[in-house]
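Contents: one structure, followed by commentary.
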Amino acid sequence: MHRSAPQIPRMPWRDCAERHRGKKMKRHMGEPFPNVRTDDAGHDVVRVELAERSYDVLIGDGLLSEVGPLTAEAVSGRRAFVVMDEHLPEHVMHTVLNSLESAGFGTTLTVVHPTEANKTLDTVDRLLHEIAETAHERRDPVIALGGGIVGDIAGFAGAVYRRGVPVIQCPTTLLSMVDASVGGKTGANLMSRTGLRKNLVGAFWQPSLVLADTGVLESLPERHLRSGLAECLKHALIAGSTPLALDPADAMFRWTNEILLKVRMGDAELLRRLVSRSVALKAAVVAGDEREEAPSSEGGRAILNLGHTFAHAIETIPHLSPDGRSESSPLHHGEAVALGLVCAGACAVHLGLLDEESLRRIRVAVERLGLESHLIGLPPDEELIDRMRHDKKVLSGRLRLVLPTAIGEAVVVEDPVRESIFAGWKAIRAGR
Numbered sequence: 001m002h003r004s005a006p007q008i009p010r011m012p013w014r015d016c017a018e019r020h021r022g023k024k025m026k027r028h029m030g031e032p033f034p035n036v037r038t039d040d041a042g043h044d045v046v047r048v049e050l051a052e053r054s055y056d057v058l059i060g061d062g063l064l065s066e067v068g069p070l071t072a073e074a075v076s077g078r079r080a081f082v083v084m085d086e087h088l089p090e091h092v093m094h095t096v097l098n099s100l101e102s103a104g105f106g107t108t109l110t111v112v113h114p115t116e117a118n119k120t121l122d123t124v125d126r127l128l129h130e131i132a133e134t135a136h137e138r139r140d141p142v143i144a145l146g147g148g149i150v151g152d153i154a155g156f157a158g159a160v161y162r163r164g165v166p167v168i169q170c171p172t173t174l175l176s177m178v179d180a181s182v183g184g185k186t187g188a189n190l191m192s193r194t195g196l197r198k199n200l201v202g203a204f205w206q207p208s209l210v211l212a213d214t215g216v217l218e219s220l221p222e223r224h225l226r227s228g229l230a231e232c233l234k235h236a237l238i239a240g241s242t243p244l245a246l247d248p249a250d251a252m253f254r255w256t257n258e259i260l261l262k263v264r265m266g267d268a269e270l271l272r273r274l275v276s277r278s279v280a281l282k283a284a285v286v287a288g289d290e291r292e293e294a295p296s297s298e299g300g301r302a303i304l305n306l307g308h309t310f311a312h313a314i315e316t317i318p319h320l321s322p323d324g325r326s327e328s329s330p331l332h333h334g335e336a337v338a339l340g341l342v343c344a345g346a347c348a349v350h351l352g353l354l355d356e357e358s359l360r361r362i363r364v365a366v367e368r369l370g371l372e373s374h375l376i377g378l379p380p381d382e383e384l385i386d387r388m389r390h391d392k393k394v395l396s397g398r399l400r401l402v403l404p405t406a407i408g409e410a411v412v413v414e415d416p417v418r419e420s421i422f423a424g425w426k427a428i429r430a431g432r
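Take the sequence shown: its position 31, counting from 1, is numbered 31 in the working numbering, and each next residue is one higher.
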């Protein structure tokens, strides 16, 4: 039995969500995903269908060595501005630059320090001035080489320079492969006296191509791998509420749980399949609601934000860390998302939308990833709610939370009662 909560009437968004699910074609986990194919080189290809803005996401080992010819096929310009994560190994940089130059591109490289505190308009301004000094034209691509922060700010620079130039996303972390590089969201944080405000400035600007070279993940630090797996877990928790409509709804969750240990032990083939299925799920959602404009009753692209309103509030507090030690701060995005999933589950339990056993399964799944499901040093609930109000999904001053209703299913809830939000935060407070 879950904790007692006031009885709430059956909400319209429940009926709408169930009608919406009833119209979807059910697909079993063992079947090929409908929007994934294999090219002649053996790479998985996911098509993001957006009319004239459609593009391919290529997934597989060795793709960065082909970035030159693949970019040449995707764009007509021949001057490439490469924005690179300063932590990437030199051999990755040389692989990309050599491939581009062999394909006839003139190249300019700049590096960025990829932290949330550095994901600002000042950094974007620097990139824009550097791009302008290369006589970059409208057909010439900006290439993002790095994790999600690099992809966001390079993509934003590409979106606003000359009112938009082609962007090629080359994600090098698991998190950026399954999330930030796909869907066209770009942007930067704003700084305030209380901390950063996540992604309040940005643009929807679809890339011309995404190259997810899973080979680079072999050297990814364990903490970064776990962070990316948290985003894969999020996808599994919403899979039944997406256009893919897996049957049963928890099929992707159970499959993801089954392979987690093998992926963490270095099974490259399972990791590639995990990336492909996560990308396929996100691509299907984006194709149906590119600019996140669907009403709450339909979910739409907002459903991808399960746990994220809680997570973004956590990320605005830079001293928090997974183990309470200052040298481990700030939290990585995936670590915050994992905590946000637990918060969202507990909030849903308090509202009577989710049962306690499903919340337990969510928490256990987070812990199986090697991630924390509790946090030391959270500020008071009222301060946390104030931070949540800066979330991009807020409408007319009211919070909109994506909450699970079962393993594999979620809905958008507008203006939930404060006590339920407090219950969400209580679920992750260490020593509660």
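All C-beta atoms in this analysis are idealised placements derived from N, C-alpha and C, irrespective of residue type, glycine included. All values derive from a computational prediction rather than experimental measurement.
Assuming residue i and residue j are in contact, meaning their beta carbons sit under 8 Å apart, how far apart are those beta carbons, in whole angstroms?
{"i": "residue 412", "j": "residue 208", "result": "In fact, because the Cβ distance is near 31 Å, the residues do not count as touching under 8 Å."}
{"i": "residue 186", "j": "residue 164", "result": "At roughly 11 Å, the Cβ-Cβ gap does not stay under 8 Å, so residue 186 and residue 164 are not in contact."}
{"i": "residue 373", "j": "residue 361", "result": "In fact, because the Cβ distance is near 12 Å, the residues do not count as touching under 8 Å."}
{"i": "residue 184", "j": "residue 205", "result": "6 Å"}
{"i": "residue 59", "j": "residue 279", "result": "6 Å"}
{"i": "residue 306", "j": "residue 237", "result": "6 Å"}
{"i": "residue 359", "j": "residue 345", "result": "4 Å"}
{"i": "residue 169", "j": "residue 155", "result": "7 Å"}
{"i": "residue 188", "j": "residue 121", "result": "5 Å"}
Select from the options the residue whose C-alpha is nearest the C-alpha of residue i.
{"i": "residue 336", "options": "308, 423, 283, 349", "result": "308"}
{"i": "residue 371", "options": "228, 181, 85", "result": "228"}
{"i": "residue 226", "options": "303, 369, 430", "result": "369"}
{"i": "residue 144", "options": "221, 133, 163, 124", "result": "124"}
{"i": "residue 276", "options": "34, 39, 350, 46", "result": "46"}
{"i": "residue 384", "options": "410, 317, 356", "result": "317"}
{"i": "residue 297", "options": "112, 401, 103", "result": "401"}
{"i": "residue 111", "options": "136, 238, 259, 81", "result": "81"}
{"i": "residue 172", "options": "67, 88, 348", "result": "88"}
{"i": "residue 96", "options": "180, 175, 113, 212", "result": "212"}
{"i": "residue 119", "options": "93, 102, 150, 92", "result": "150"}
{"i": "residue 355", "options": "406, 311, 92", "result": "406"}
{"i": "residue 38", "options": "162, 230, 56", "result": "56"}
{"i": "residue 84", "options": "396, 153, 103", "result": "153"}
{"i": "residue 135", "options": "115, 256, 107, 159", "result": "107"}
{"i": "residue 77", "options": "58, 67, 104, 93", "result": "104"}
{"i": "residue 300", "options": "253, 393, 338", "result": "393"}
{"i": "residue 382", "options": "426, 342, 351, 350", "result": "426"}
{"i": "residue 338", "options": "224, 160, 61", "result": "224"}
{"i": "residue 51", "options": "190, 310, 315, 290", "result": "290"}
{"i": "residue 303", "options": "79, 410, 349", "result": "410"}
{"i": "residue 177", "options": "415, 283, 396", "result": "283"}
Along the alpha helix (DSSP H) that carries residue i, what are the first and last residues, could you check?
{"i": "residue 279", "result": "268-288"}
{"i": "residue 93", "result": "90-102"}
{"i": "residue 315", "result": "308-315"}
Could you pull the start and end residues of the beta strand (DSSP E) that residue i belongs to?
{"i": "residue 59", "result": "55-60"}
{"i": "residue 427", "result": "First-last for residue 427: undefined, no H or E at that position."}
{"i": "residue 292", "result": "Neither: residue 292 is in no beta strand (DSSP E) and is coded neither H nor E."}
{"i": "residue 73", "result": "Element bounds for residue 73: not the beta strand (DSSP E) but the alpha helix (DSSP H), 67-74."}
{"i": "residue 48", "result": "44-48"}
{"i": "residue 416", "result": "Premise fails: residue 416 is in no beta strand (DSSP E) and is neither H nor E."}
{"i": "residue 85", "result": "79-85"}
{"i": "residue 106", "result": "106-112"}
{"i": "residue 117", "result": "Here residue 117 belongs to no beta strand (DSSP E), and DSSP marks it neither H nor E."}
{"i": "residue 404", "result": "400-406"}
With 16 as the cutoff for other CB atoms within 10 Å, does residue i come out buried or exposed?
{"i": "residue 272", "result": "buried"}
{"i": "residue 420", "result": "buried"}
{"i": "residue 140", "result": "buried"}
{"i": "residue 428", "result": "buried"}
{"i": "residue 137", "result": "exposed"}
{"i": "residue 54", "result": "exposed"}
{"i": "residue 113", "result": "exposed"}
{"i": "residue 127", "result": "buried"}
{"i": "residue 326", "result": "exposed"}
{"i": "residue 261", "result": "exposed"}
{"i": "residue 240", "result": "buried"}
{"i": "residue 322", "result": "buried"}
{"i": "residue 23", "result": "Note on residue 23: pLDDT 42, under 50, position unreliable in the model; no value is reported."}
{"i": "residue 166", "result": "buried"}
{"i": "residue 266", "result": "exposed"}
{"i": "residue 191", "result": "exposed"}
{"i": "residue 250", "result": "buried"}
{"i": "residue 408", "result": "buried"}
{"i": "residue 387", "result": "buried"}
* To do: Return the chain-ordered ranges of every alpha helix (DSSP H) run that is complete within the stretch 322-397 and spans a minimum of 4 residues.
  => 333-350, 356-368, 381-388
* Asked: Which runs of the beta strand (DSSP E) fall wholly inside the stretch 124-186 and span at least 3 residues, in chain order?
  -> 142-146, 167-171
* Taking only runs of the beta strand (DSSP E) that begin and end inside the stretch 195-278, which ones reach a length of at least 3 residues, in chain order? -> 195-204, 209-213
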